[in-house]
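Colleague:
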Amino acid sequence: IHAGVTMETGMMTVTATLTAISIMDPCHGTLYPKIMDIEEGGKILTTKLVIYDDATKGDNYAVLTNVDTSVEVDIGCIRLVFLNKFVGDILGFLNKFLDGMQEQLNKAKELAAEYSKDVAQKLQERAPRVSLNVKMKAPVIIVPQNSKSKNALVADFGSLSVQNSFSKAGESENKIPFVLDKMVVELTSLKMSRAVIGKKLAIENESLILEPVTITVSITRNLSAALFTEVPAIDITGVMKSVSAKLSQKDFSQIMTTLNENLTEGQVQIPHSTEVALGELTDKEVMESHVIPPPLSRQPSEELTCKLKFNFEIESLSATLYIGKEDLMAQRSDKAALGKVELQVIAVSGKQMSDESMEVKVILKDTVLDDSRQHKVNGINSPDIITRMIQRSKSRLSEEGSSNMIDVSFKQDCSKDSNVDVRVNSLYICVCLDYLMSLGDFFTKGMPQTDRGEVVKQETKPSKTQKKVKEDLPPPPSNCMDIVVKIEKPEIILIEDQLNPNCNCLVLDMEVIFKMKIHPESQDMSANVRDLQIFSCVFSKRRSVQAQILNPCEISFYSKTPYGKGAHMDIATSDLILNISPATIKTMSGISAALAAKPGSEDETSKYTVPVDLWEVKKLHETDFWFLKTGEEVELEPEEILDELIEEETRAEQLIAKIPTMVIKIEGGVGKRTVPLLIVEASFSGEVKDWSSKLNVESTLKLEVAYYNEKLSVWEPLLEPVVEDGKMKRWELGLEVMMNDDLPPPPDEDGDSVDIVLPPPKMTVTVFSHEEIQLTMSKTCLEVLQNLGKSFGDAYMLVEPSEKAGEIISPFCVQNQTGLEIVMKLDNSFEMPQDADNFKVKMTPDRRLELWNKKKGLSRKASVIKAAQEGDEKKFIFQIEQFNATREVTVKRAEKRLYQINHKSYPGDIWSVIVNTETPIGHKILSIQSMVQIKNHFEIPVEVFYKDDVNVKSCGVVAPEANFGVPLQAVYTPGGEFLFKPVYENYQVSKETVSWRGAENLGTVQLACQGESGHSAFYISVRAEIEKVYFDVGDTMSAKSFIFHLSPTVILHNLLPYPISFQLEGTEEHTTLQKGKNTALLNACVGKSNVEIVIPIYEGKEWIGHRSITNDLPELSMLTFEAYEGAQQVTQNLGLHCKKNDGCMDISVYSPYWMVNKTGQDLYYKASDGEDFTTHCHDNLDIVMFSFKQKTLFSTKKKASLKIATSEWSDKFSLDTVGSSGDVQCKSTKKQTFSVSYFFYIPYVSECC
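All residue numbers for the sequence shown refer to the numbering used here, where the first residue is 132 and numbers rise by one.
1. Name the DSSP bridge partner or partners of N710?
2. Roughly how many angstroms separate the alpha carbons of S355 and T187, rounded to a whole number?
3. Could you pull the DSSP bridge partners for D968 from this structure?
4. Taking I810 and K833 to be in contact with their CB atoms under 8 Å, please state how far apart those CB atoms are, rounded to whole angstroms.
5. List the residues that DSSP assigns as beta-bridge partners of P1072.
6. Is the CB-CB distance between N1015 and M974 below 8 Å?
7. Start and end of the beta strand (DSSP E) containing D640?
8. Across which residues does DSSP place R1128 in a beta bridge pair?
9. Use the C-beta contact count for K1334: other C-beta atoms within 10 angstroms, 16 or more gives buried, fewer gives exposed.
10. For A783, I'd like the list of residues in its chain whose CB is within less than 7 Å of its CB, leaving aside the five on either flank, ordered along the chain.
11. Quick one: residues in its chain with C-beta nearer than 7 Å to the C-beta of S201, no 5 flanking neighbours on either side, listed in chain order?
12. Taking only beta-carbon positions, decide if I1045 is within less than 8 Å of chain C.
13. Measure the C-alpha to C-alpha separation of V643 and N442 and round it to an integer number of angstroms.
14. From A147 to D544, what does the alpha carbon distance come to, in whole angstroms?
15. Could you please give the first and the last residue of the uninterrupted beta strand (DSSP E) stretch that includes L1212?
16. Provide the residue(s) that pair with K833 in DSSP beta bridges, ordered along the chain.
17. Use the C-beta contact count for F961: other C-beta atoms within 10 angstroms, 16 or more gives buried, fewer gives exposed.
18. Looking at the structure shown, is F1014 part of a helix, part of a strand, or coil, going by DSSP?
19. Using the three-state DSSP reduction, which class does L726 fall into: helix, strand or coil?
20. What is the DSSP secondary structure of E753, counted as helix, strand or coil?
21. State the start and end residues of the unbroken alpha helix (DSSP H) segment that holds L119.
22. Tell me whether H1307 is buried or exposed, calling it buried when 16 or more other Cβ atoms sit within 10 Å of its Cβ.
23. With 16 other CB atoms within 10 Å as the buried threshold, where does Q1060 fall?
24. I'd like to confirm the pairing. Which residues does DSSP put opposite A658 in its beta bridges?
25. Grab the span of the alpha helix (DSSP H) containing D382 for me, first residue to last.
26. Less than 8 Å between the C-beta atoms of I537 and L495, yes or no?
27. Is the beta carbon of V1020 less than 8 Å from the beta carbon of I1032?
28. When the distance is taken between beta carbons, is L1265 closer than 8 Å to V1287?
29. Just to confirm the assignment, what range does the beta strand (DSSP E) spanning Q1100 have?
30. Is it buried or exposed for I1240, if we count other Cβ within 10 angstroms and need 16 for buried?
31. With a floor of 3 residues, list each beta strand (DSSP E) that falls wholly inside the segment 231-308, ordered by position along the chain.
32. Closest by CA to G1129, which one among E1156, L1213, P1179, Q1292?
33. Using alpha carbons as the reference points, say which of K547, T518, D465 lies closest to S488.
34. Going straight from the alpha carbon of P742 to that of F574, what length do you get?
35. So, is D1386 buried or exposed, given that buried needs 16 or more other C-beta atoms within 10 angstroms?
36. If we call anything under 8 Å between Cβ atoms a contact, is V374 one with L448?
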C-alpha cells in the first residue's frame, strides 16, 4: 500500500495505491488455493481525494463548478473464487468472536443513529458537493463445481463507471441556487459463461450463457430538497438494453450441479447461542410476542412533496434453450435449438411522497415463446406449421385496441393502506403437449444425478424438556389491502399436431376477475369466471366453424374469514351444458398421444445396472437396511398424553356448493353432424363443515337420464323420474360423510365372548336414496348404447370415421326442391334471416334456409329432457305465387304429406307437392318437393332428363348417394317420362325411358347409354318404389310418392388375399382391383356381358378365369382359374358368390380356405375328392388358397389329407367345423412321426403350426 497527503493553500490532497491483495485457502487438495487475486501487472486500487476549503461558501455556492470534495477512484480487476466450504469455515471461525462484540455493536449503532440525525438536519439547506469520477473493472467471480473440479461458472461484471455533474434548477428568494446532482452509473460488458479453469485461474475453454449486457442508471439528487420541491429529492432512471441468454442442456446441468455440490460441500452446523428451548418460554412471554403495537400517529405535512421517483426499463429479455450435450464452444448450433422465450419491454415506474404514500406501476408489453426445433420442420413449409406458443393475441388487439400484456398497479396511502390492481390482456397460449414434454425433458434430464442408495428414515424424538404449547393465532394485519386481478379473455388452445395447421384443437375461452380484501377484522375473497366455454374446431378455421363442448357458463366463488374464525365459502355456477361426442374424444386422444413414451427416448442415465451378487445369500449383520434398525424408545410424560387427547376447537368452517342444472349430452356422429343420443340432466347441492377439525359433509344429487329413439323421433327415459303427489321429480341420491371422535372400544361385558370388539370408525360415509331407482332398458336403448360404445371406442383408438364430425347444425332447415319460387312465412319463434320481410322469405329453387330459435340457454326451472319429450311444434306457411296457392304446414314429427295446389295440366293432372319432414336426431329438415324422387346409388353423378311435347330437356344432376327432387314442370308432362346419362361427355342419353305413371308395373329395368366411338355402353339399373304418404288432412296413408333408384348393374368384390384384374368383353383395358375392395362394372349388361378375371401373381403364375353374367347365376358356384406351368395346364378352383339386391347384382370372388404354414417344413395338401395336391413351401410366408371340387365344396363332408416333406399322407381330417383345432399325425419312411397342429378361424382360415 502506498499513501500520501499533500497540504496546499485552500485544499488538501490524499492519494493511495493498493498494488496487491490476495486471500489463500490452506486446505490440502483444493484446486483453488487463491480465493482472491488480481490480474497480472495490474493495480488493485488507485484513489485521489481532494478536499477544498470554503469552495462553496457565500457567493461561491452559486458557482456550480465549485465542489467541496473531488474523488477519483480507479479499481482494477479482482478475481474471486466462491467456495461455500471456505466461506463456511471463515464464518465458523468468526462466530466465536461475535458474542462478545454484540454489545459493542449495539452501542455503536445507537451513536451512529444520533449522529446521522444531526447531519441530516444540517444538510437540509445546503448539502456539500462531491465530484465523483470512478472507473472500475468489476470483479470476475468464479464458482467452481466443487473444490476439486475444473468445471466452473464464471460471472464477469465487466466495467463500471460513475460520474456526476451539478446543474442549477432555480433559486430561492434569498438568491440561494437550487442545485441538482446528476450521477450516471454505467455497467458495461456484464456476462456469464460456463468454463473450464486451468492453472492460475486462467480460462481454458468457455461457452457464453449470458451475452454481454450494458446497464445505465441515472440518479438525480435534489440538494435543496427542503426548499425546492418541484423536483423529487431523488430521481432514478435505469435503462437496460436487450438481454440475451443461451442455455444448453449441459449448461443447465452444470449450473444445477454447481449449486448442489458447491453449496453443500463442507457444510457444518453453526451453533446459535441465542437459541432458546421452547420449554423455557413462559406463558407471559408467549402472550407478549403477539401484542400488536398501536399504529404511529402521523401529523399531516403542510405540503405534500415527492421524495423518491424511479423509472426502470428493460427493452428485451430473451433466453434460448438448446438440447443435447454440447462441448464448450462460442457458437451454438441452430439445429439443436429447442425454444426461445422473450419478454419484450419490461418497465417499472413509481414515486414515493413525503407522507410515505407510494404509487408503483409495472408493465410487460409482450411475452413470446417459439418452438425452435429444426427436426420438426424439415421438409415442411415453415410458415404453415405452428411454432408460436405464447404471444399477445392479435385478434384481441384488433377488437380492444393496443394494450400491454400485463399491467400491475400498486398504490399506498399515508396510513399504509394499499391497493394492488393486476390486469392480464390479450393473452394467447397454444399448448402442444409434445413441446411441453420436450421442455420438461430439458429440465429433468439436466438435473444432477444423485447416487442410488438406501434412504435411511430418521425420526425426530421429542425432547423431554420441550413442552407442547398450544399454537396462538397470528396477529391480525394493522392495515388494509385490496387486490384485484383481472384476466381478460385469454385465448388458450390445445392443439393435436403442430405440423398441420388444419389439425383439430380444443379452445378454452373465459374471463377471470379475482378480488381480495385484507382488513384487520376479516379477509374477503371473491372470484368470478365469466363466459367460460370450451369448443373444438380446426386450428386454421377457429374463428368461423366451432363445435361447442362446454356451453358458455359462469362460476362464482366467495369467501369471508373473520379474524380468529373459520372461512365461510360459497361456490355457485350457472347452468352447465357439456356436449361429449366421439369427435371430441378423438381430438383429446390425439392430443394426449404425445404423452405416450416414444421408442428410444429413454435416457441412458435412467438405466440401472443389476448387481452381480443380487441372488447371493448375505448375512443380516453385514447389511445396512434401514428397516432392520432398532428404533429408539420415546418416553412420554402423562401430561403430554393428555395434551394429545384434548379435542381440537372447531372454527365454524363452512363451504356451500350449488349447481342448479348440469346437462351432459352424449353425442354420436351422424354423417357430418354430431347429435345428442343420451342426455343426463342433474342438479347438485352440498355443504361441507369443519374440514380442518371434525369433517361433516352433506350433499344431494338429483338425476334424470334419457335416450333418443330415432325411429319414433322422441326422447325416452332410461332413468325414470319419481312420481310424488301426482307430480314428476328427479330421482335423488344423498351422500353424508362424518368424522367421529377417537374413542376406545367399549368394554367386553361377556369375558367368554369370542367376538372381536372394534372401536367406532373414524369416518362414516353414507350413501342413500329414499326413492327406488327405476331403469327402463329397451332394445332401442341397447342399440343406442352399443353404437355409442363403438363410436367412442373407435375415437379413443384414433380410428378415422367415414366422415368428419363436429359441424354445428341448426335445429330447423327448409329446402325448396319444387323448381319454382316459393314464399315462406316463418314462425315468430325463429331468428329472422337478413332477407326476411315481415316474417316472409323468398326462396329460389334449390335454396336451403337454416333457421335458429330465438330462445338461448336454459331456463333455471325447465327440464331439457321434458322439453325434448314434449316436442317443439312449429308452423310454416308456404305460398306459390305463380298459382296463387297458400298452404299451412305443422312440423312436429317425421312424416310426409301431400298438398294439392291450384293448377291443372294435360291430361287433367292436379299439381301436388309433398312436404317431407325428417327428424335425424335433433335436427328437423322440411323439404318441399314434387311427388317424384330419384336416388343415385352410383359413385358418379347422373344427369336427369325429361320429355315434354317436343324436346328432351335436362332437369338436374343427382350427386352420388344423394336424393333429387324432380321439378314440378318435369313431372307433369303428358307422358311423365325420364331419361338418364352419366355426367361424362363420351356417353349419350338413354334411348329407353321410365315413367312415373307406369311405375307400379315397372319393377327393375336396365337402361343403356350408348358410348361415343370406341366406348362401350353405360348401363343403369332402374328400380321403382311406391311409397304411401298422408294427404294434407287426415291420418290415412292414401296418397302416393314415387322413388326411382339408380344403381350399377353389377358390383364385383375381391375377397381374395391377392389383387386381381378384370376386363369386360368389348372393353379395351384390364382394371386392377386390390384385395378386400369392390368396384361397379359400369359397362356390364346382365344377360349379355362376359367378364375375364385374372390373378396376376400367385405362386409365380398368372391365373385366368371366365364367367358369363346372366340373370340365372346361382348364389354359390365354382370359378375355375387356369394357368400354365411350362407347357402343362394347371387349374385352381375358387368360389363365386352372387347376391341379387334391389336392382343390383353383387358378385364376389373368394377362396374357401386360406392356408398359413408356420411349421418351417414343406407341406402338401390334398382334398378328399381328388388326387391332385397343393404344395406349400416352408419359405412361402404368403397365404395359399385351397379348395374342393364343386360337388364337395357345397356339401357338409369336406375332408383333406396332409403330408410333410417325404412323409406319408395323413389320415383325412374334417374341414367343416369353424373354430375347431386338433393334431394330424404324418408317418415317414424312417419310422418317424410328425405331429402337426391345426386351427380353423373365421373366415375359414386354416393355420398349420
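For every residue, glycine included, the Cβ atom is placed at its ideal position computed from N, Cα and C.
Modeller: The short version:
1. DSSP lists K796 as partners of N710.
2. 14 Å
3. For D968, the pairing in a beta bridge is given by DSSP as K971.
4. Contact flag wrong, Cβ pair sits at about 14 Å.
5. As far as DSSP is concerned, P1072 takes part in no beta bridge.
6. no
7. 635-649 is the span of the beta strand (DSSP E), which, as asked, contains D640.
8. Answer is none; R1128 lacks a bridge partner.
9. buried
10. K696, G697
11. Closer than 7 Å at the Cβ level, and outside the excluded window around S201, lie V181, S262.
12. Reference to chain C is not applicable here, since this structure consists of a single protein chain.
13. 30 Å
14. 48 Å
15. 1209-1212
16. S814, E863
17. buried
18. coil
19. helix
20. helix
21. Lying outside 132 to 1380, the shown extent of the chain, residue 119 is not represented and no answer is given.
22. buried
23. buried
24. Answer by DSSP bridge pairing, in chain order: F645, F688.
25. From DSSP, the alpha helix (DSSP H) with D382 extends over 380-395.
26. yes
27. no
28. no
29. No beta strand (DSSP E) contains Q1100, which is instead part of the alpha helix (DSSP H) from 1099-1102.
30. buried
31. List check, beta strand (DSSP E) in window: 261-268, 271-275, 282-287, 290-302.
32. E1156
33. K547
34. 29 Å
35. The structure shown has nothing for residue 1386, since the chain only spans 132 to 1380.
36. Between V374 and L448, the C-beta spacing is below 8 Å.
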